[in-house]
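S.K.: Just so we're aligned, residue 3 is where the sequence shown starts under the working numbering, counting upward by one.
Built from N, CA and C at the ideal position, the CB exists for glycine as well.
In this text, all values refer to a predicted model and were calculated from it rather than measured experimentally.
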Amino acid sequence: MSSSINITKQEHIELGILENGDLFLSDEAVAPDSLPQRYAAEAAKEPQLEVPIRADRHAYYEQVTMVMAFAAKAGLVRIGFVSEPNTKNIS
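Below, the structure written as structure tokens:
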């Protein structure tokens, strides 16, 4: 009888950007200057990690591009955006 260990890899690490500029990495508040190191550590563990970005629609574009650049520089290339549909104008 053989036994195997089921190890699940983390598939993604979501980044949230609030309207006021606060950043959250998988629901944990993170300072912008620590983000490059955090991304590098995650990339070392799982290079194919997805980085979905959920930015408030009023967040500054410069901040969104900054966090994308940090992820890319760390070697994380599977970067995307999470959006929610606008249901206010749907009849």
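I need the DSSP call for Gly82, collapsed to helix, strand or coil.
M.R.: Three-state DSSP puts Gly82 in a strand.
S.K.: Start and end of the alpha helix (DSSP H) containing Pro38?
M.R.: First-last of the alpha helix (DSSP H) with Pro38: Leu37 to Lys47.
S.K.: Check whether the Cβ atoms of Ile15 and Leu51 lie closer than 9 Å to each other.
M.R.: Yes; because the gap between Cβ atoms is below 9 Å, this pair is in contact.
S.K.: Which residue from Ala61, Glu64 and Leu37 puts its Cα closest to that of Val53?
M.R.: The shortest Cα separation from Val53 among Ala61, Glu64 and Leu37 belongs to Leu37.
S.K.: Keeping to the same chain, check which residues put their C-beta closer than 6 Å to that of Phe26; ignore five residues upstream and five downstream.
M.R.: Result list for Phe26: Gly18, in chain order.
S.K.: Terminal residues of the continuous alpha helix (DSSP H) containing Ala61?
M.R.: No alpha helix (DSSP H) contains Ala61, which DSSP labels as neither H nor E.
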